[in-house]
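Using the UniProt record's numbering, read the sequence shown as starting at 1 and increasing by one per residue.
Remarks on the structure that follows.
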Amino acid sequence: MVDSRRVQPRIPLRKAELISLSEGMLETSPLVPLKQRICLSLVLAHLALNTLGHSWYLTPEDKQGLYFLQEGGQMRLLPVLHTRLPADDEPRPEPLDFKGLRLALGVLLLEIFCQKSTDVGSDPASGWPSRPAAGTDASWYEKVGRLALQKCSTTSWDVNEPFREAVLACLRGDADHQTRDETDDAETSFVSFILSKVIAPLEIELECCWGDEDIDELISRLSVQGLPSAPEGDQESITLLPRRSSNYRHALSRRHPEGSGISYLGAGTALQANWNATARDSSWSNPKRQTSTYDSEDVAVVDGAFLTRPSQTSSEAWFNKVQPLLDVLSPRSQEVDKIYRRVRIAVIDTGISPKHQLINEFVVKNFVETPNERIRDDPQHGTDSVDLILRMLDTAQIYVARVFQAKEGDELTPGFEHSHAKLAEVIRRASAADPEILIFAAAANWANTQFVAYPARLTGQVFCIFSMNGALRNTRDYNPNALENADNFALLGQDVRPNPNPMSREGLSGTSVATAIAAGLAGRILDFTRHADSRKHLADRHRKMVATKMGLREIFHLLSQDHKDLEYRCVAPWDLLPPEQLSTATQARQDTRFKICGTIERALWKLK
């Protein structure tokens, strides 16, 4: 299939060989360069709209129909699709299964980024489980989404946060309902979702890697080292996938009669092109599309249990609101240089699980058992704290000290009832160090039955952190009475998942949860001031102040000045963003980062 409205390069196919996606892209060595995989991913995201509603649309059951052309020892990255066009007398396809289409695209993008099959089912070639028959409930979607999200959470995305956003959008489908208004049909809403949540962030990645190069011209010339040639087989029909097209964009501004559908290919597009090519695998199939019976938009399914949809006061709603800030504060490759140093955070707790996916990147010391090198975390408390910090600052350099232990199920008190002389001396020396060591301590979980725990009550030396919920209201079930003549900062600490993976433990609550998030937020802000572009916009004295108790205190004051609840100052990290909603273009990101620098300087202007 070739878009006749665009000039297409001529591709010799006389001796072409078809290489499947699994064989040519996944599990291969050497790796296909990431910048080329980004280009391919954007092409396939456009495919999701260009072929919507047609029999060759990419679906979970025929994902293995994606192929590449290989000739002369080189495999072209311009994708082709093996398909069977329906006869004129065949019945119309059943209604589009948008959940399945979205999941198919998400898993495909994840596999291409990792260059590794996502093992979420029994089909090793495509990584998809068998498609359910009509009448199957939502368990198939939940299985695919849950396992793919688990794979996504363990993937190292480095500076490719926009790519991660695109994958998560497909796997979660958060915007499926948020972007749909009462007049939108499902198809138009799906188009809007793919454009804004998938294609837009991938275009950012493309621009970072390739500048302003045209994607059609780029994908047509990209190639990698091919695989050993296979014996000649039967001749097959192949179809070139359409790339970028403007047709589907018009669908957002016009209405269609019910049941009419939207043709995103256009009248000028050739729908069939038959060429002779050597087939590497002749075991293709084209199962009929199945229709899902799960259409609920008001419930979420977790391990078979139906739960009410999270409200806007939930912890995940809080994370959704703070995510744009984390995205813009996270550095890209061009925003760091040789001077940049990662923020170091020490977690003094119950230790860390030896099974943690990043255990080899942590510095761990055990002060409880001997020998010291034994790594453990029996109650999981320290591991959860590390994961919460990493949700806010995924680039943190983590140090873990196991200083106390507890049995499974024991209530952990984040602090001491009475003062401790040796601990006080350590804190005093840390506060007097140059540069300062910022200390965050949990207020305690015993509500107003006792005072704030030690050392959190050391006003002026330690950041005492209280708990709040997603609606920026303090959680009285945990918080002790606020301290007098103190800041009493509160961060999210109610029903919080240590990581966004749906397989993770149930939500955690308490001031120790809020303390980990506070430390992660402080680390994220401090990390931002170390980026190359931030150093140009921030005065040197202000940049140094951010790393002090006084400086960070002023920034937290700014982020909580409009969100007081009784004596507690509830911190809203997103207040660091400029008030206007900026687009996702590169220039807008630069403007936003510049304005954040200005906000930080305004918060610190009165400090000398």
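Glycine residues also receive a C-beta, built at the ideal position from the N, C-alpha and C atoms.
Because the structure is a prediction, the values reported are computed rather than measured.
ask   = Short check: CB of Glu71 to CB of Glu23, under 8 Å?
value = no
Selected residue, minimal CA-CA separation from Ala432, among Leu558, Leu393 and Met550 = Met550
request  = With a threshold of 16 other CB atoms inside 10 Å of the CB of Phe367, please say whether the residue is buried or exposed.
outcome  = Within 10 angstroms of the beta-carbon of Phe367 lie fewer than 16 other beta-carbons, which makes it exposed.
ask   = If you follow the beta strand (DSSP E) that Leu438 is part of, which residue opens it and which one closes it?
value = From DSSP, Leu438 is part of no beta strand (DSSP E); its letter is neither H nor E.
inquiry  = Does Ile348 come out as helix, strand or coil in the three-state DSSP assignment?
reply    = Looking at Ile348 - three-state DSSP - the assignment turns out to be strand.
Contact between the stretch 521 to 535 and the stretch 322 to 339 (3+ Cβ pairs under 8 Å) = yes
key: In DSSP terms, what Val571 is bridged to   = Answer is none; Val571 lacks a bridge partner.
task = Measure the C-alpha to C-alpha separation of Arg602 and Glu203 and round it to an integer number of angstroms.
result = 33 Å
task = Please state if the CB of Val571 and the CB of Phe489 are separated by a distance shorter than 8 Å.
result = yes
request  = Please look up how many angstroms separate the CB atoms of Pro573 and Leu552, rounded, as I've assumed it's under 8 Å.
outcome  = Contact doesn't hold; Cβ gap of about 13 Å is too wide.
inquiry  = Is the separation between the beta-carbon of Ala45 and that of Leu105 shorter than 8 Å?
reply    = Taking 8 Å as the cut-off, the Cβ atoms of Ala45 and Leu105 count as close.
key: Closest Cα partner of Ile19 within the set Gly73, Ile555 and Ile215   = Comparing Cα-Cα distances from Ile19 to each of Gly73, Ile555 and Ile215, the minimum goes to Gly73.
Buried or exposed by the 16-neighbour rule on C-beta atoms within 10 Å, applied to Leu526 = buried
ask   = Apart from the five residues just before and just after Thr136, which ones in its own chain have a Cβ nearer than 6 Å to its Cβ?
value = In this prediction, Thr136 scores a pLDDT of 42, lower than 50, which makes its location untrustworthy; no coordinate-derived value is stated.
request  = With a threshold of 16 other CB atoms inside 10 Å of the CB of Gly460, please say whether the residue is buried or exposed.
outcome  = exposed
ask   = Over what stretch of residues does the beta strand (DSSP E) that includes Arg402 continue unbroken?
value = Gln397 to Arg402
message = Quick check: what's the CA-CA separation for Lys355 versus Val364?
response = 13 Å
query = With a Cβ-Cβ cutoff of 8 Å, do Ser315 and Asp158 count as a contact?
reply = Their beta carbons are not under 8 Å apart, which means Ser315 does not touch Asp158 by this criterion.
query = Using DSSP with H/G/I as helix, E/B as strand and the rest coil, what is Tyr340?
reply = coil
message = Suppose contacts are defined by Cβ-Cβ distances below 8 Å. Is Asp378 in contact with Gln405 by that definition?
response = yes
query = In this structure, what does DSSP give as the bridge partners for Pro79?
reply = Phe68
request  = Pick out whichever of Ala456, Gly382 and Ser41 has its Cα sitting closest to the Cα of His418.
outcome  = Ala456
task = Could you tell me how far apart the beta carbons of Ala396 and Gly415 are, in whole angstroms, since I believe they sit closer than 8 Å?
result = No, Ala396 and Gly415 are not in contact; Cβ-Cβ is about 23 Å, not under 8 Å.
query = Roughly how many whole angstroms lie between the Cα atoms of Gly493 and Trp210?
reply = 42 Å
message = Suppose the cutoff is 6 Å on Cβ atoms and the five residues either side in sequence are ignored; what does the same chain contact list for Tyr340 look like?
response = Arg530
request  = Give the C-beta separation of Leu77 and Ile219 to the nearest angstrom, bearing in mind that I take them to be a contact with Cβ-Cβ under 8 Å.
outcome  = 6 Å
C-alpha gap between Phe319 and Thr383, whole angstroms = Whole-angstrom Cα-Cα distance: 20 Å.
ask   = Does the distance from the C-beta atom of Val462 to that of Ala441 stay below 8 Å?
value = yes
message = On the CB-based measure, 16 or more other CB atoms within 10 Å of its CB, does Glu425 come out buried or exposed?
response = exposed
message = Can you find the residues in the same chain that come closer than 7 Å, C-beta to C-beta, to Leu393, ignoring five residues on each side of it along the sequence?
response = Val343, Gly520, Gly523, Arg524 and Asp527
Whole-angstrom C-beta distance between Leu577 and Thr592, which should lie under 8 Å = 7 Å
query = Should Arg37 go down as buried or exposed, given a rule of 16 or more other Cβ atoms within 10 Å for buried?
reply = buried
task = Take His420 as the anchor and find which of Tyr399, Ala430, Leu390 and Ala453 has the nearest alpha-carbon.
result = The option with the nearest alpha carbon to His420 is Ala453.
ask   = Since Val328 is in the beta strand (DSSP E), which residue starts that stretch and which ends it?
value = That residue, Val328, is in no beta strand (DSSP E); its alpha helix (DSSP H) goes Ser315 to Leu329.
inquiry  = I need the DSSP call for Val32, collapsed to helix, strand or coil.
reply    = coil
message = What residue range does the alpha helix (DSSP H) around Phe466 cover?
response = No alpha helix (DSSP H) holds Phe466; the beta strand (DSSP E) holding it covers Phe463 to Met468.
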